[in-house]
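So the structure is just underneath, and the comments pick up after that.
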Amino acid sequence: MKKNTQEEIENGYKEAIRNKYRAEKVEGIHSHYLNNPSQALLRDLCWEIFNSNPKPDDLAVYRNFFKFDFNSKEENISTPYTDKFKKVGAFLRGDKEPAKITTIELAAILVNYEFRPFKKFSKEVWIEIDNSVEENLKPIKKPHLPEVIFIKNDDNEEFEKSNGIKEERAIPEENLNEDLWEEENLDKTAFSNEENILTVDEILIEAPEEEILKEVKTTKQLIKPVELFLGFKKELPKKESIIKRNTWIRIGVVSFLVVLGWYYFPEKKECMQWTSDHYEIVDCDLKKEGFIPANAIEVLDPGLVNLKKITICDTTTCFDKNGVAIIWYAKTANGVDFFNSHGMHPENNKPLKPVTQYIIDKYVK
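Each residue of the sequence shown is one higher than the last, beginning at 32 in the numbering used here.
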């Protein structure tokens with residue numbers, strides 16, 4: 032059995048976590064955090080996970096990563112704390128390999144990888160994979176290589192008959208000698224005939240002048256159709272040449288007009304601007320004309336253009352059937368603003384968070 036190195040096991044652990052991340056960001060319950068794992072979103076996800084019911088192993092990972100214990104009574108949103116999630120996001124996206132195992136362990140918690148921490152993975156998952164490889168001794172089929180078939184000696188004759196393979200018989204010695212004799216005589220005959228070969232000059236000297244001129248004329252008549260067929264001498268009518276030239280002129284004029292129109296009438300880019308409680312699509316040229324709007328004009332983002340500020344009450348449905356929040360909020364100087372989707376607050380640029388029952392009880396009347 033091949034003995035795996037520590038590096039091979041760690042690489043397997045990293046790849047398993049990234050595979051879990053790719054699945055979770057598409058259809059997981061925390062896909063809104065993992066779809067675009069920024070530092071702030073990973074920080075909020077970490078708070079939500081550890082504030083619910085953390086495992087003892089997860090609390091130990093948190094302590095080793097941040098160098099202090101998790102405090103459920105106070106949410107840490109400081110810049111130094113948030114910046115620590117930058118290397119976690121880089122690992123999940125595959126941009127950079129982390130230098131410490133604690134970064135990988137925290138990433139495993141955020142994507143809810145079942146076989147964490149690394150110690151559990153190396154004992155349960157990796158050993159199971161290694162044993163399955165050892166038991167399965169059959170060669171692995173590769174799509175670019177043909178399958179090799181081994182046949183017993185007793186089945187050779189039957190296999191040759193079924194596949195149309197004829198057995199090559201030994202050539203008798205008498206036939207072999209006859210073949211060799213024929214080859215030797217053929218060489219001798221060819222050698223003796225060299226004396227009877229005439230050169231072109233000798234043929235021209237011996238042949239009469241009238242016959243030579245007749246042969247040359249016949250040859251020219253045969254060569255001319257061949258030249259026309261192969262394109263050596265093209266004999267196109269003048270009318271066809273004029274039509275072909277006019278066609279190319281028309282194509283050139285149309286191409287010039289298309290390029291000219293593209294240059295003078297470029298496609299206008301659409302922009303959007305936050306107005307009161309929603310985004311409106313506006314002309315991007317407002318910036319160039321010196322008009323200074325109340326809110327900044329941004330390039331149209333299909334993922335944000337439908338964001339709306341909403342008002343909720345005690346009868347508003349804030350969670351789906353699985354208990355996942357469908358309303359988002361952000362704190363402001365005057366209280367709390369609620370939105371119909373996640374993103375950034377258009378006015379203070381703060382990240383929107385999923386609403387909790389605590390926020391509803393405190394701010395909704």
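Using N, Cα and C, we set each Cβ at its ideal position, and we do this for glycine too.
All of these numbers come straight from a predicted model, not from anything done at the bench.
Sequence-distant residues of its chain with Cβ nearer than 6 Å to residue i (five each side left out)
{"i": "Glu39", "result": "none"}
{"i": "Lys117", "result": "Gln70"}
{"i": "Asp75", "result": "Lys384"}
{"i": "Asp88", "result": "Pro148"}
{"i": "Tyr310", "result": "Met303 and Val336"}
{"i": "Tyr64", "result": "Leu72 and Leu76"}
{"i": "Trp377", "result": "Strictly speaking, residue 377 in this sequence is Pro, with Trp absent from that position. The residues are Trp305."}
{"i": "Val179", "result": "Here Val179 scores only 39 on pLDDT, less than 50, and its place in the model is too uncertain to base an answer on."}
Own chain, CB closer than 7 Å to residue i, minus 5 neighbours either side, in chain order
{"i": "Leu331", "result": "Glu301, Cys302, Met303 and Ile312"}
{"i": "Ile48", "result": "Ile135, Ala138, Ala139, Val142 and Tyr144"}
{"i": "Lys350", "result": "It is Phe, not Lys, that sits at residue 350 in the sequence shown. So the list reads Ala356 and Ile357, once near-sequence residues are dropped."}
{"i": "Gly374", "result": "Leu335, Leu338 and Leu383"}
{"i": "Tyr394", "result": "Gly366 and Val367"}
{"i": "Trp78", "result": "Glu106"}
Where residue i falls, given that 16 or more other Cβ within 10 Å makes a residue buried
{"i": "Glu136", "result": "buried"}
{"i": "Trp293", "result": "exposed"}
{"i": "Leu288", "result": "exposed"}
{"i": "Thr306", "result": "exposed"}
{"i": "Lys344", "result": "According to the sequence displayed, residue 344 carries Cys and not Lys. Exposed."}
{"i": "Trp279", "result": "exposed"}
{"i": "Ala54", "result": "exposed"}
{"i": "Arg147", "result": "buried"}
{"i": "Val355", "result": "exposed"}
{"i": "Thr363", "result": "exposed"}
{"i": "Leu291", "result": "exposed"}
{"i": "Ile391", "result": "buried"}
{"i": "Lys51", "result": "buried"}
{"i": "Thr110", "result": "exposed"}
{"i": "Lys56", "result": "buried"}
{"i": "Ala361", "result": "buried"}
{"i": "Phe370", "result": "buried"}
{"i": "Val397", "result": "Missing from the structure shown is residue 397; the chain here goes from 32 to 396 and no further."}
{"i": "Gly120", "result": "buried"}
{"i": "Phe99", "result": "exposed"}
{"i": "Tyr93", "result": "buried"}
{"i": "Pro333", "result": "exposed"}
{"i": "Thr133", "result": "buried"}
{"i": "Asp368", "result": "buried"}
{"i": "Leu235", "result": "Residue placement at Leu235 cannot be trusted, given a pLDDT of 44 that sits under 50; what the coordinates show is reported in the next sentence. Label assigned to Leu235: exposed."}
Residues that DSSP places opposite residue i in a beta bridge
{"i": "Asp314", "result": "Glu301"}
{"i": "Val92", "result": "Looking at the DSSP assignment, Val92 forms no beta bridge with any residue, so it has no partner."}
{"i": "Val414", "result": "As displayed, the chain neither begins before 32 nor continues past 396, which places residue 414 out of reach and without an answer."}
Simplified DSSP state of residue i, which is helix, strand or coil
{"i": "Thr387", "result": "coil"}
{"i": "Trp279", "result": "helix"}
{"i": "Asp8", "result": "The question about residue 8 has no answer here: the residues shown for the chain are numbered 32 through 396."}
{"i": "Leu72", "result": "helix"}
{"i": "Phe146", "result": "coil"}
{"i": "Pro479", "result": "Outside the displayed span of the chain (32 to 396) sits residue 479, for which this structure offers no information."}
{"i": "Val395", "result": "coil"}
{"i": "Gly59", "result": "coil"}
{"i": "Lys51", "result": "helix"}
Own chain partners of residue i with C-beta closer than 8 Å, once the 5 adjacent residues on each side are dropped
{"i": "Lys45", "result": "Phe122, Glu128 and Ile135"}
{"i": "Ser153", "result": "Ile40 and Tyr44"}
{"i": "Tyr112", "result": "Arg74 and Phe97"}
{"i": "Thr348", "result": "Ile357"}
{"i": "Phe101", "result": "Phe81, Pro85, Leu90, Tyr93 and Arg94"}
{"i": "Ile60", "result": "Asn353 and Val355"}
In chain order, which beta strand (DSSP E) runs of at least 3 residues are fully inside the region 329 to 362?
As far as the region 329 to 362 is concerned, it has no whole beta strand (DSSP E) run of at least 3 residues.
Could you tell me which whole alpha helix (DSSP H) segments of length 4 or greater appear in the region 94 to 118?
Runs found: 110 to 114.
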